[in-house]
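S.K.: If you scroll down you'll find the structure; I have some questions about it.
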Amino acid sequence: MVEKDKILIIGGYGTVGSIVSRQLALRYPSKIIVGGRNKDKAQMLIEQNGLSAKAIYLDVEKERFDEVDFNEIHTAVSCIETMNLFFILECIQFNINYTEVGASFDVHKRFFELSDYIDNSDCLVIPSVGLVPGLSNILAFNGAKQFSEIEEIHTYVMLGLGESHGIDSVRWMLEKANSSFKIKTKEGSVVVKGFTHPRSTRLLNEQGERTFYFFDFSDHHTIPLLVDTKAIDTRIGFDSRAITYLFYLLQKIGFLKWYKNLGPKRLKKVLDFIRMGSERFGLQIEINGKDSLGMQSSIKYLATGENEAMATATVTSYAAELMYLNKTQKGLKHIEEVCDLDELKGYLEKHNIRILNTRGNENDTVQPSGQPGTYGTTG
């Protein structure tokens, strides 16, 4: 009888996937399978890093997976974003735990279609792990426990331009930078556009403020699924303030509409050549509301480190290990439902990712740099 003890990493040689493969292969030698559309790249990763792992061909966009032995897989981790459901359905049928890195809400929503099927299976499925969403949800969920009533939650994501980003992530960022989407405000649901409505805040490990702009990470859609808040949004900025402002100006004059003509490969070459800024990233969650005494209060969490891909991969590896060692949790769960924050902090610190937090009163609340109540079109 085949032992069901393998961890399959889909896209395990990409920017994030290669880190996940290395981290898990060092923890679980001979238990890791690196899969993807280029088996040679998977094998090269294994050989170059001296990993005790196996490479296979796997295209999750297909309906057949001839090189996959589902009977030996305990947990599957997808490091690519796809709308296809065929592979997930196979995993559920064979009671294989499944998780994936996913930054888009459309990708997250497809799990809702399978919720009854998943809940009636004997596996654990966790959608959308990584940094944002993923760690952002965990911090918001744990911070929310300290409030009796939550007024608003703001997520600020600072990305380092000194870091080399994969083509898929560049393509995704270009699409989202020019997209329109809904956010939840105290006045109701409104439609906004990426890289608009500047708001300034100070990251907990910095002295001065930075300006951030709306961006459609899916955590502002997924956090309210478990946390009751009157308003929530997510904003982005780069470690280079000049480049952040340049993106804002390009959006304002309509240049970002032409991103498809430029193409992600060309943009990636430009970014790799310029490399303005550092590899430092920051993820700050700010929650404002009332405490148990009815007093206005706020809490801030900051996750910071030197490599955003490393942070995304490390949270993903943590989720994979959690599933691999899991004996009791089953069904469709969000990462914040099954994660212990203190345990995760220790896991992250081993990879030089720190989590800071502070608590204050309403006087510490950061105010928007633009005019309030002028977000966009009511949805």
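In the numbering used here, each residue's number is its place in the sequence shown (first place is 1) plus 991.
The C-beta atom is built at its ideal place from N, Cα and C for all residues, glycine as well.
Does the structure place the region 1208-1215 close enough to the region 1188-1197 that three or more beta carbon pairs sit under 8 Å?
M.R.: Short answer: they don't touch.
S.K.: Excluding the 5 residues flanking Ser1106 on each side, which residues of the same chain have their C-beta closer than 7 Å to its C-beta?
M.R.: Hits under 7 Å: Leu1323.
S.K.: In whole angstroms, what is the alpha-carbon distance linking Asp1219 and Ile1141?
M.R.: Cα-Cα distance, rounded: 7 Å.
S.K.: If we ignore side chains and look at the alpha-carbon of each, how far apart do Glu1328 and Tyr1309 end up?
M.R.: Cα-Cα distance, rounded: 14 Å.
S.K.: Locate the beta strand (DSSP E) running through Gln1275, then write down its first and last residues.
M.R.: Looking at the DSSP string, the run of the beta strand (DSSP E) that includes Gln1275 is 1272-1281.
S.K.: Can you tell me whether DSSP reads Thr1192 as helix, strand or coil?
M.R.: Three-state result, Thr1192: strand.
S.K.: Which residues mark the beginning and the end of the beta strand (DSSP E) in which Gln1287 is found?
M.R.: Counting along the chain, the beta strand (DSSP E) containing Gln1287 begins and ends at 1287-1296.
S.K.: Classify Leu1080 as buried or exposed, calling it buried when 16 or more other Cβ atoms lie within 10 Å of its own Cβ.
M.R.: The residue in question, Leu1080, is exposed, as its Cβ has fewer than 16 Cβ neighbours within 10 Å.
S.K.: Could you check if Glu1052 is buried or exposed, using at least 16 other CB atoms within 10 Å of its CB as the buried criterion?
M.R.: By the 10 Å Cβ count, Glu1052 comes out exposed.
S.K.: Determine the direct distance from the alpha carbon of Tyr1048 to that of Ile1037, and round the result to whole angstroms.
M.R.: Between Ile1037 and Tyr1048, the C-alpha separation is close to 14 Å.
S.K.: Take Ala1016 and list the residues in its own chain whose beta-carbon comes closer than 6 Å to its own, dropping the five residues that flank it on each side.
M.R.: Once the five neighbours on either side are set aside, the close Cβ partners of Ala1016 are Ile1023, Leu1042, Ala1044.
S.K.: Just to check my reading of the structure: Phe1186 and Tyr1204 have Cβ atoms closer than 8 Å, yes? What is that Cβ distance to the nearest angstrom?
M.R.: Confirmed, about 4 Å.
S.K.: Given Glu1054, which residues of its chain have a CB within under 6 Å of its CB, disregarding the five upstream and five downstream residues?
M.R.: Phe1077.
S.K.: Quick one: residues in its chain with C-beta nearer than 8 Å to the C-beta of Ser1139, no 5 flanking neighbours on either side, listed in chain order?
M.R.: Closer than 8 Å at the Cβ level, and outside the excluded window around Ser1139, lie Gly1280, Lys1281, Asp1282, Ser1283, Gly1285.
S.K.: Three-state secondary structure (DSSP) at Ile1071?
M.R.: Coil at Ile1071, not helix or strand.
S.K.: How many angstroms separate the CA atom of Ile1290 from the CA atom of Asn1062?
M.R.: Using only the alpha carbons, I get a separation of about 46 Å.
S.K.: Rounded to the nearest angstrom, what separates Gln1242 and Glu1166 at their Cα positions?
M.R.: Cα-Cα distance, rounded: 12 Å.
S.K.: Thinking C-beta only, is Glu1299 closer than 9 Å to Gly1151?
M.R.: In this structure, Glu1299 lies closer than 9 Å to Gly1151 by Cβ.
S.K.: Taking all protein chains shown into account, decide if Ala1135 is buried (16 or more other Cβ within 10 angstroms of its Cβ) or exposed.
M.R.: So Ala1135 counts as buried.
S.K.: For Ser1009, which residues in the same chain have their Cβ closer than 6 Å to its Cβ, ignoring the five residues on either side in sequence?
M.R.: Taken in chain order, the residues that qualify are Leu1036.
S.K.: Have a look at Val1007 and Lys997 and give me their C-alpha separation to the nearest angstrom.
M.R.: For Val1007 and Lys997, the distance between alpha carbons rounds to 20 Å.
S.K.: Excluding five sequence neighbours on each side, which residues of the same chain lie with their C-beta closer than 7 Å to the C-beta of Phe981?
M.R.: Nothing can be reported for residue 981: it is not among the residues displayed for the chain, which extend from 992 to 1370.
S.K.: Quick one, which of Ile1344, Asp1031, Ile1001, Gln1039 has its alpha-carbon nearest Val1025's?
M.R.: Out of Ile1344, Asp1031, Ile1001, Gln1039, Ile1001 has the C-alpha closest to the C-alpha of Val1025.
S.K.: In this structure, how does DSSP classify Ala1168 when only helix, strand and coil are distinguished?
M.R.: DSSP places Ala1168 in helix when its eight states are reduced to three.
S.K.: So, Cys1114 versus Ala1304, is the Cβ gap smaller than 9 Å?
M.R.: The answer is no: Cβ separation not under 9 Å.
S.K.: Please work out which residues of its chain come closer than 7 Å, Cβ to Cβ, to Leu1122, disregarding the five sequence neighbours upstream and downstream, and give them in chain order.
M.R.: Taken in chain order, the residues that qualify are Leu1274, Glu1299, Ala1302, Thr1303, Val1306.
S.K.: Return the bridge partner residues of Leu1152 from the DSSP annotation.
M.R.: In DSSP, Leu1152 forms no bridge with anything.
S.K.: Does Arg1345 pass the burial test, meaning 16 or more other C-beta atoms within 10 Å, or should it be called exposed?
M.R.: By the 10 Å Cβ count, Arg1345 comes out exposed.
S.K.: Which residues bound the alpha helix (DSSP H) around Gly1008?
M.R.: Counting along the chain, the alpha helix (DSSP H) containing Gly1008 begins and ends at 1008-1018.
S.K.: If I measure Cβ to Cβ from Gln1320 and keep anything under 6 Å in the same chain, skipping five residues before and after, which residues do I get?
M.R.: Answer for Gln1320: Leu1115, Val1329, listed in chain order.
S.K.: Quick one: Cα of His1099 to Cα of Ile1326, how far?
M.R.: Going by the C-alpha atoms only, they are around 12 Å apart.
S.K.: Are the CB atoms of Tyr1147 and Arg1018 within a distance shorter than 9 Å?
M.R.: No, the Cβ-Cβ distance between Arg1018 and Tyr1147 is not below 9 Å.
S.K.: Restricting to Cα atoms, I'd like to know which of Lys1336, Phe1238, Gly1125 is closest to Ser1209.
M.R.: When each option's Cα is compared against that of Ser1209, the closest is Gly1125.
S.K.: Could you tell me how far apart the beta carbons of Thr1073 and Val1120 are, in whole angstroms, since I believe they sit closer than 8 Å?
M.R.: Actually they do not touch by this definition, with Cβ atoms about 15 Å apart.
S.K.: In whole angstroms, give me the CA-to-CA distance for Asp1060 and Leu1335.
M.R.: Each residue's Cα considered, the two are about 31 Å apart.
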